[in-house]
DNA sequence: GCTATTCATCGTAATATTGCAATATTACTT
DNA sequence: AAGTAATATTGCAATATTACGATGAATAGC
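Residue numbers (this note's numbering), protein chains in the order written: chain A, 133 to 239; chain B, 133 to 239.
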């Protein structure tokens, strides 16, 4: 039904899935890579860089923002996006912990 | 349109997104945790453990299998699933590399 | 043979995601 | 004030995902 039965799962499982969802689209991976790669901040060149329409990029940015990974400062009429590196590393920790804990005894 | 324009993205971005997609559902996270946690192999107790219907679990297992993370041996009439730990660690490496590379210079 | 059990697959319904055109909003510029 | 530039929001179409009941295939045990 396209509807996830969250009541069945632990908060940890849901958290990991939420984070993974942010990375689960190549455009968002591209955006994350791009906004971190830039020396200063960048603006709507994400649109040029990634090659999707502006509303689509805006939508993906919202997903990234909801995960707490986006910082944006206005510079004149430009919005300059930044990766929230601290939050990003937080997510990495959660992932690393999941991977390490999970790859345990088997067969 | 629900259709991802893969032509726009690099193979690395697509690969990361593919891996993330596997983890992008709490049920699959739960399954991965469960099959790794078990001493021996397990069978359809995943259904009991996770709490979704058998066809749904089977569907999720297919996603995990497609990512190369599932090993299954028949034991009598039971299929015993195993996490492919090597492949799992491979994915972890790809993720770790992405995280480390991405959290670079910003603002 | 028959029956029960285990798991996969099919079909289908409900919902989510992705993408874009059109439009709105905000803020700078003249 | 009017025009322009940068983003966000809205609305909608196409597709993907999630979930489950029904059915199918394989095997164990009688």
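C-beta: ideal position from N, C-alpha, C; glycine also.
Small disclaimer: the values here were computed from a predicted structure and weren't measured.
- By the Cβ neighbour-count rule, residue 170 of chain A is buried, with 16 or more other Cβ atoms within 10 Å of its own.
- Setting aside the 5 residues that flank it on each side, residue 162 of chain A is surrounded in the same chain by 182, each with a C-beta closer than 6 Å to its C-beta; the list follows chain order.
- In the three-state reduction of the DSSP assignment, residue 232 of chain B falls in the helix class.
- Residue state for residue 137 of chain B is assigned as coil, using DSSP reduced to three classes.
- Residue 216 of chain A counts as buried, since at least 16 other C-beta atoms from the protein chains shown sit within 10 angstroms of its C-beta.
- With contacts defined by Cβ atoms closer than 8 Å, residue 151 of chain A and residue 226 of chain A form a contacting pair.
- In the three-state reduction of the DSSP assignment, residue 211 of chain B falls in the strand class, which pools E and B.
- One Cα belongs to residue 153 of chain A, the other to residue 174 of chain A, and the distance between them is close to 24 Å.
- For the pair residue 192 of chain A and residue 160 of chain A, the CB atoms are nearer than the 8 Å cut-off.
- In the DSSP assignment, residue 180 of chain B falls within the unbroken alpha helix (DSSP H) covering 177 to 182.
- When rounded, the separation of the alpha-carbon atoms in residue 185 of chain A and residue 144 of chain B is 22 Å.
- Within the model, the alpha-carbon separation for residue 141 of chain A versus residue 222 of chain A is close to 21 Å.
- Interface with chain B (8 Å Cβ-Cβ cutoff): residue 206 of chain A is excluded.
- Beyond the five residues adjoining it in sequence on each side, residue 204 of chain A comes within less than 6 Å, by CB distance, of 211 and 213 in the same chain, given in chain order.
- Between residue 199 of chain A and chain B, the shortest Cβ-Cβ separation is not below 8 Å.
- Assignment of residue 223 of chain A by DSSP, reduced to helix, strand and coil, places it in the helix class.
- With a threshold of 8 Å between beta carbons, residue 168 of chain A makes contact with chain B.
- As a beta-bridge residue in DSSP terms, residue 203 of chain A pairs with A:214.
- It is roughly 32 Å from the alpha-carbon of residue 232 of chain A to the alpha-carbon of residue 209 of chain B.
- For residue 188 of chain B, the enclosing alpha helix (DSSP H) starts and ends at 186 to 198.
- Residue 146 of chain A belongs to the set of residues whose beta carbon lies under 8 Å from a beta carbon in chain B.
- Under DSSP, residue 174 of chain A shares a beta bridge with A:213.
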